[in-house]
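Each residue of the sequence shown is one higher than the one before, starting from 64 at the first, in the working numbering. Ideal placement from N, C-alpha and C gives every residue a C-beta, glycine not left out. A quick note: this is a predicted structure, and the numbers were derived from the prediction, not measured.
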Amino acid sequence: MLLTLVVFIIGVIRSFFTPERTRRYLAGRREIVGNTLAALLGIITPFCSCSAVPLFLGFVQAGVPLGVTFSFLIAAPMVNEVALILLYGLLGWKTACIYLGSGLLIAIIAGWIIGRLKLEHWIEDWVQEMRTGQPLVLEKKLTWADRIDMGWIAVKDIVGKVWLYVIAGIAVGAGIHGYVPENVMATVMGGEQWWSVPAAVLVGIPMYSNAAGIVPVVEALLGKGAALGTTLAFMMSVIALSLPEMVILRKVLKPKLIAVFVTVVGAGILFTGYLFNLYVL
């Protein structure tokens with residue numbers, strides 16, 4: 064019920080942030096202000112990794128700086144309302160806030176670093192040719208009835224797609240709860256092992272899961288003694304650095320830029336993992 068209610072509210076809010084309006088907000092923004100705004104918009108806009116290519120093309124056409132674009136593309140899949148709701152319900156508001164804050168910081172700082180490196184020449188040539196300054200599509204003016212309809216559409220679309228991931232995640236979590244000895248998880252993913260955070264990231268990258276599907280697994284891992292930082296690093300790598308997303312981005316980015324993207328975001332995730340392991344310890 065909480066998931067349905069919040070998705071409906073977010074669906075109504077999203078009606079104010081169409082792709083065209085989002086591009087206009089971000090076009091011409093520079094440095095840290097643009098990165099911060101892009102990361103915040105990434106949380107409330109209805110985009111995931113599968114939307115990466117059309118979004119990237121639209122942002123390039125609108126003149127949005129590369130670093131600002133990456134802040135948006137990192138935040139959109141990594142931090143979303145479904146994961147926040149489930150984390151709040153399963154683990155409490157402190158863990159949800161830690162996830163939100165660390166995800167935002169990674170998106171802002173990673174985008175800022177990529178922007179400062181001036182790597183526009185590592186975008187595919189055919190994408191560079193789109194920087195023509197063409198006018199954006201005019202938006203249709205929406206009434207409140209239209210916005211409420213969009214809220215119900217969001218509920219049908221998101222909850223309709225997510226419930227299978229939630230059940231699958233609960234099933235995996237139940238298996239971990241019932242069959243994995245507590246001392247095993249404490250040994251493998253405990254905060255005392257320096258290698259546990261990079262190992263969690265490396266395991267998470269080849270995987271692909273909706274954020275809703277990974278949260279019940281996170282709850283089970285923490286319940287079995289896994290460290291908070293290691294578990295957050297695993298969750299973030301699954302959502303933000305998934306191999307399928309890299310394949311999708313290859314259509315518009317040269318391999319060198321993808322490598323920089325993975326390195327910068329991965330370093331941010333590793334830092335977050337170690338930081339919260341030390342904080343808890």
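- Put simply, of V301, N143 and F133 the residue whose alpha carbon is nearest the alpha carbon of L265 is V301.
- Per the coordinates, the alpha-carbon of Q256 lies some 24 Å from the alpha-carbon of A159.
- Across the set A262, L120, M213 and L104, the C-alpha of M213 shows the shortest separation from the C-alpha of V75.
- A residue is called buried when at least 16 other Cβ atoms come within 10 angstroms of its Cβ; A170 meets this threshold and is buried.
- For the options L312, F135 and F71, the alpha carbon positioned closest to that of V190 is the one of L312.
- If you check the CB distance, G178 and G126 do not come in under 8 Å.
- Here the C-alpha atom of G336 lies approximately 24 Å from the C-alpha atom of A237.
- For I148, the closest alpha carbon among the candidates K181, P318, I277 and S78 is that of I277.
- Under DSSP, L316 forms a beta bridge with I186.
- Assignment of T335 by DSSP, reduced to helix, strand and coil, places it in the helix class.
- Of L68, T67, K219 and F79, the smallest CA-CA separation from R210 is found for F79.
- Linking I186 to E282 through their CA atoms gives a straight-line distance of about 39 Å.
- In the structure shown, the three-state DSSP call for F79 is coil.
- Within its own chain, the residues whose Cβ lies closer than 6 Å to the Cβ of M270, once the five positions on either side in sequence are excluded, are V301, listed in chain order.
- Contact check for L320 against L104 fails: the beta carbons are separated by 8 Å or more.
- A distance below 6 Å between beta-carbons, with the five flanking residues on each side excluded, links V315 to the following residues of its chain, in chain order: V116, F119, E187 and V190.
- The Cβ atoms of G166 and M299 sit closer than 8 Å to each other.
- The Cβ atoms of F133 and F297 do not sit closer than 8 Å to each other.
- Taken in chain order, the complete alpha helix (DSSP H) segments of 4 or more residues contained in the region 260-295 are 274-286.
- Nearest to A173 by alpha-carbon distance, out of E94, V123, G121 and E144, is E94.
- Between L306 and I332, the beta carbon gap of about 15 Å keeps them out of contact (Cβ cut-off 8 Å).
- Taking 8 Å as the cut-off, the Cβ atoms of N143 and V260 do not count as close.
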